[in-house]
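Protein chains in written order, with my numbering: chain A, 1 to 429; chain B, 430 to 858; chain C, 859 to 1287.
The structure appears below as structure tokens.
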Amino acid sequence: MDLTEGNDMISLMERLFPICRSISGNGVRESFEIIKEHIPVQLYEVQTGTKVFDWEVPKEWNIKDAYIMDEKGRKIVDFKKHNLHVVGYSTPIDKILSLDELQKHLYSIEEQPNAIPYITSYYKERWGFCISHHEREKLKEGNYHVFIDSELKNGNLTYGEFIIPGESDKEVFLSTYLCHPSMANNELSGPVLAVYLAKWLMKENRKYTYRIIFIPETIGSITYLSRNLEEMKKNVIAGFNITCVGDERAYSYLPSRLGNTLADRVALKVLENTHPDFVRYSFLERGSDERQYCSPGIDLPVASVMRTKYGQYPEYHTSLDNLDIVTAKGLQGSYDVYKSCIELIECNAYYQVKCLGEPQLGKRGLYPTLSTKESGRLVRDMMNFIAYSDGNHDLIEISNIIGVPVAKLYPIIQLLVDNDLLFKRNEIL
Amino acid sequence: MDLTEGNDMISLMERLFPICRSISGNGVRESFEIIKEHIPVQLYEVQTGTKVFDWEVPKEWNIKDAYIMDEKGRKIVDFKKHNLHVVGYSTPIDKILSLDELQKHLYSIEEQPNAIPYITSYYKERWGFCISHHEREKLKEGNYHVFIDSELKNGNLTYGEFIIPGESDKEVFLSTYLCHPSMANNELSGPVLAVYLAKWLMKENRKYTYRIIFIPETIGSITYLSRNLEEMKKNVIAGFNITCVGDERAYSYLPSRLGNTLADRVALKVLENTHPDFVRYSFLERGSDERQYCSPGIDLPVASVMRTKYGQYPEYHTSLDNLDIVTAKGLQGSYDVYKSCIELIECNAYYQVKCLGEPQLGKRGLYPTLSTKESGRLVRDMMNFIAYSDGNHDLIEISNIIGVPVAKLYPIIQLLVDNDLLFKRNEIL
Amino acid sequence: MDLTEGNDMISLMERLFPICRSISGNGVRESFEIIKEHIPVQLYEVQTGTKVFDWEVPKEWNIKDAYIMDEKGRKIVDFKKHNLHVVGYSTPIDKILSLDELQKHLYSIEEQPNAIPYITSYYKERWGFCISHHEREKLKEGNYHVFIDSELKNGNLTYGEFIIPGESDKEVFLSTYLCHPSMANNELSGPVLAVYLAKWLMKENRKYTYRIIFIPETIGSITYLSRNLEEMKKNVIAGFNITCVGDERAYSYLPSRLGNTLADRVALKVLENTHPDFVRYSFLERGSDERQYCSPGIDLPVASVMRTKYGQYPEYHTSLDNLDIVTAKGLQGSYDVYKSCIELIECNAYYQVKCLGEPQLGKRGLYPTLSTKESGRLVRDMMNFIAYSDGNHDLIEISNIIGVPVAKLYPIIQLLVDNDLLFKRNEIL
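In structure tokens:
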């Protein structure tokens, strides 16, 4: 396995990892500065209070420092050591509290005593600290100085959009979210993969236009949809929500709401051909931006291809979701699968054979000169491909019917097109 | 289990049980007099000889007395003790016969030696007696006086109809038959359940109109259809043939001919949610008025929900089908299931969420304030219900997709409608 | 089992067996002379070089004699003893060769040392001999005289067509191939069965027109289609490729390309009713003229019903495929199955009952007078047939739904038509 992009993605992730992101604020902007070194992503700022469908854009949150100091002046919890220590969107505080009072503002996980949990409170103003249960149990009676230097103000929600024009206005849509502090599989694996897919897509001309967005989860997808829905409904033929693509444990598929879009068919075809032991989820197990993309009236053809799904691995939403569990190999695998999906979308079409009856392959030299088991298979695959190239079955369907992976059909298609035996009935889906 | 209606239905059945009914005659009229104490059923009389589709209304039959007397003057078989003793539609007779001659007119069941069988001969004139095989074996050589004081004459076929108007002209159709002498599960459980469903339906305004009929089986449904088909084909959206609803042994479902009507979907949904171990029959196992309601060209959406199906329990069509096997609990169970079916028909619709993207439940206070496992389930069910409320899936389909019983969806629908988040795309199906 | 036709077919096969046929030439014409003694088949000659879709008609090949003679003047391989000894379409040769040189032109099968293989080279000019591996191993060093008195010239491709007009222009199409030298199951079982089906079809008036053709495989079907496609696409409602119908080992079904044509439905219905243990192949396992008949743009409704399929029995394409493995019983079985298929096509229709509600069978005497288990089944089958005779299900669907073989429905249909209870909604499909 060639880990070229995998290693590059790890490097990018290492730079992004320490930044304290949230659904708004300077951490997001700082992250985009790094991403812009790779791709010319266009940034948008949407004002606090803007109506977006049933929601409105919340206040912008920024934080400079936070700690809990004991009576001896020791910072026993320090935001500067780990940005998960502060509840996301915490209001500012500077106060001396008893342990009892402090406990009401602490969050820890008894079952994972060494993990700092990830907690946010976007829509109810409060403050709090997240610590490992192990540390929490060490706390003694006494007074504690809690200090959070944060600001919650009218400002902006920031998102990034990168559009790569293709021959057609029809679009492939890639969405990933950028709103979590220091966590690796959920979330940084998503944006770094999206960056490297974009870099690959930029390298040559494509049939389809690619719309790649980096948004805060939920409020970001709602905001983005509220501004781009009409165009997207007209153009998007397939889309993927890219998240949790960095570990090595599993491949997963979560369908679109109705489960039968091109995105679903492509994801299933690629995973069945390349990783047949993938985990198949139901849309009822959804949990990310497909909740918006697939909601009634939006109905974009968006599915998710992941490694281990959010909520399904023990490190999820804790400080343990770090660079130990996301690897170059894990990211490279996802990168390869997404490339295969995109190649299939680009190549998928309703092919039609040009002659009536079977073509005479012999006179065109299309029979292999060396007769081997492999060459026999090739001829059989070619004849079966031709048999179903009736203009009514697309490539995915033909692959399913004749039981041949699409990757083995690409050279056959090329050969037949080169010999003027095949054409695409519909160039653009 | 509240047995209020079950006990009331048993009381009504006890009054109806002794009456000698047949497909015509005064026993039917006498039964209607009792039913009229409960609901204002409208009676119709159809003259003998009236053409009804491929059939014609037969002669009216009435009987006053019948017995077999032995040489010692003892009534060894007495109609007044059990009205099953006489073959239905027996012609009059008053004659002395040898045992050999008598045997040709006796009916018994060797395998059920204590049961009096139920035998009729509507379309061929004959006479006969039904006795237990046990009694039959006791008969000695000698002469017997057979006496049947019956009358077969031009008269009328009687049926009852009760229509409860609703907001819509669209109808729910409930059919039950009233033509058997003293038998409890098949048949009296049907009419008494229909009476109590009618009483419940009368209590409040309904979306749909309810057409409830009490007819003699086969010839009655043919007669009724021949007079009401056009209106019924226009209006009936779902119907049920109510029979064998009184024992405690099973729940059963017999589909309509094509198996995919609203009645079928409702019956399956309710039974799957409430009695998942129900027995599922094929339309090939039909045997009651669905034979007419579902015949080609009639094609009404009629299914059957039963307890143990006719023909499937040992007491069927014998004197053993009595008040020992029909219970308040058995009837109450059927009553509850039919109420659930009707509630589902009333509530079923193509619901559509009013906003794009997921609604913000928090600002409406729709998130439970107390977070428990149950409240988590409620939010998940609500979000899943919303996800499929796209105006293209009706309530039954949504329940199937998201795996939540309809009874748990009713309060969710109410909550969403009250919060102006949901509407019915089509008010009337 | 009555073997009348089976025995007659064996007799015909014995006459055809010794003739050396190929895809063109006098062996084919000689075979047609014999066939013409049975049916008035019309012969067509198509010139070498004629363009037929993506192909062109090859040169005509004829052969008079061929042998390999050893140094002692013994004919160690002699075409006159078995015509499989010469590679089909061998160019003429008359030469002395060393054993080494000779070996390059010999074909044998190591795994079947007593079998002479069947080899052809229609589209590349060469010469060769086929011998048993056993004989080949006996060859000693030395010189050999190889002699082939063949001729490859501009001539004609010969095929036969026999059309039996019916009431309708709509056609049933039967295709079989006549291009192999002395082999019995593949191929002579096909033409002899086609001859005897034609003789049976000629005996009475039919609803459909029958188009029966005898062609060389592949190039023949391509040639025939190139001249008759328009008419066939308009008229053919079902067709069968008749091949490998002579052994006793199996019944097989190979579907049309899309698998849902009338031919497929009929073949499946008949085999399921009469030989439920038949072998079901995929279209991916095709190998005969269905490759052309079902190709994109041709799309004729052609399936194959066979005994053991080509390629699936050890004697296939060798001298062992002889009159030992094809039997009167084997051929008779196929004959009966094909007759059943044709009878079903003739009888299949959308039947519709004439009355509303169930008909009154009693007044028409349609209830059996003797009540037996068999008569009970008959009434139940009749009522079930009527229940689905709604003009929307054809006979095959009704048979599938009610679980009654079509052969048991024919007399029921007749009875109902005679009693004016049933009509065909569409006389001609």
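For each residue, glycine too, the CB sits at the ideal point set by N, CA and C.
Owing to the predicted nature of the structure, the values given are computational and were not obtained by experimental measurement.
| Asked | Found |
| --- | --- |
| Cβ pair leucine 1055 of chain C, glycine 1097 of chain C closer than 8 Å | no |
| Chain-ordered residues of the region 43–55 of chain A with a beta carbon less than 7 Å from chain B | Phe53, Asp54 and Trp55 |
| Closest by C-alpha distance to leucine 691 of chain B, when choosing among B:Ala732, B:Gly571 and B:Tyr536 | B:Ala732 |
| Where serine 282 of chain A falls, given that 16 or more other Cβ within 10 Å makes a residue buried | exposed |
| Cutoff 8 Å: proline 296 of chain A Cβ touching any chain B Cβ | yes |
| Where isoleucine 1080 of chain C meets chain A, residues with beta-carbon distance less than 7 Å | Gly357 |
| Chain B contact for alanine 1245 of chain C (CB, 8 Å cutoff) | yes |
| Closest by C-alpha distance to isoleucine 666 of chain B, when choosing among B:Arg736, B:Thr477 and B:Cys770 | B:Cys770 |
| CA nearest to the CA of threonine 647 of chain B, picked from B:Ile452, B:Gly740 and B:Asp437 | B:Ile452 |
| Per DSSP, cross-strand counterpart(s) of tryptophan 556 of chain B | Its beta-bridge partners do not exist; DSSP assigns none. |
| Per-residue burial, aspartate 277 of chain A [other beta carbons within 10 Å of its own, 16 or more giving buried] | exposed |
| Rounded separation between glutamate 30 of chain A and methionine 13 of chain A - CA only | 13 Å |
| Simplified DSSP state of aspartate 494 of chain B, which is helix, strand or coil | strand |
| Within-8 Å CB hit, tyrosine 123 of chain A to chain B | yes |
| Buried or exposed by the 16-neighbour rule on C-beta atoms within 10 Å, applied to alanine 1240 of chain C | A quick correction: the sequence has methionine, not alanine, at residue 1240 of chain C. Buried is the call here. |
| Reference threonine 520 of chain B; option with closest CA among B:Leu785, B:Ser579 and B:Ile842 | B:Ser579 |
| Closer than 8 Å to chain C by CB, arginine 720 of chain B | yes |
| DSSP-derived helix/strand/coil call for leucine 429 of chain A | Reliability of the predicted coordinates at leucine 429 of chain A is poor, the pLDDT of 47 falling under 50, and no value is obtained from them. |
| Cβ of glycine 791 of chain B within 8 Å of any chain A Cβ | yes |
| First through last residue of the alpha helix (DSSP H) which encompasses aspartate 336 of chain A | 328–347 |
| 3-residue-minimum beta strand (DSSP E) runs that sit fully inside the region 550–611 of chain B, ordered along the chain | 572–582, 585–593 and 600–606 |
| Test: asparagine 865 of chain C CB closer than 8 Å to a CB of chain B | no |
| Test item: CB-CB of serine 182 of chain A and asparagine 83 of chain A under 8 Å | yes |
| Chain B contact residues for aspartate 1278 of chain C, given Cβ-Cβ distances below 7 Å | Those do not exist, as aspartate 1278 of chain C stays about 11 Å from chain B at its closest Cβ, beyond 7 Å. |
| Buried/exposed call for glutamine 459 of chain A, threshold 16 Cβ in 10 Å | In this structure chain A extends from 1 to 429, so residue 459 of chain A is not present and cannot be described. |
| Nearest-angstrom beta carbon gap, isoleucine 545 of chain B and cysteine 559 of chain B [assumed within contact, 8 Å] | 5 Å |
| Arginine 1235 of chain C classed as buried or exposed, judged by whether at least 16 other C-beta atoms fall within 10 angstroms | exposed |
| For threonine 638 of chain B, the first and last residue of its enclosing beta strand (DSSP E) | 638–644 |
| C-beta atoms of threonine 737 of chain B and aspartate 693 of chain B nearer than 8 Å | no |
| Members of the region 373–403 of chain A near chain C, C-beta cut-off 9 Å | Arg380, Met383, Asn384, Ile386, Ala387, Tyr388, Ser389, Asp390, Gly391, Asn392, Ile401, Ile402 and Gly403 |
| Residue from A:Asn241, A:Ala184 and A:Glu187 whose Cα sits closest to the Cα of arginine 211 of chain A | A:Asn241 |
| Under 7 Å (Cβ pairs) to chain E, residues found in the region 675–700 of chain B | No chain E appears in the structure shown, which is made up of the protein chains A, B and C. |
| DSSP state of valine 457 of chain B mapped onto helix, strand, coil | helix |
| The beta strand (DSSP E) enclosing phenylalanine 53 of chain A, as first and last residue numbers | Element bounds for phenylalanine 53 of chain A: n/a, residue is neither H nor E. |
| Coarse secondary structure for methionine 859 of chain C, derived from DSSP in three states | coil |
| Inter-stretch contact at 8 Å, needing at least 3 Cβ pairs: the region 1205–1221 of chain C / the region 1168–1177 of chain C | no |
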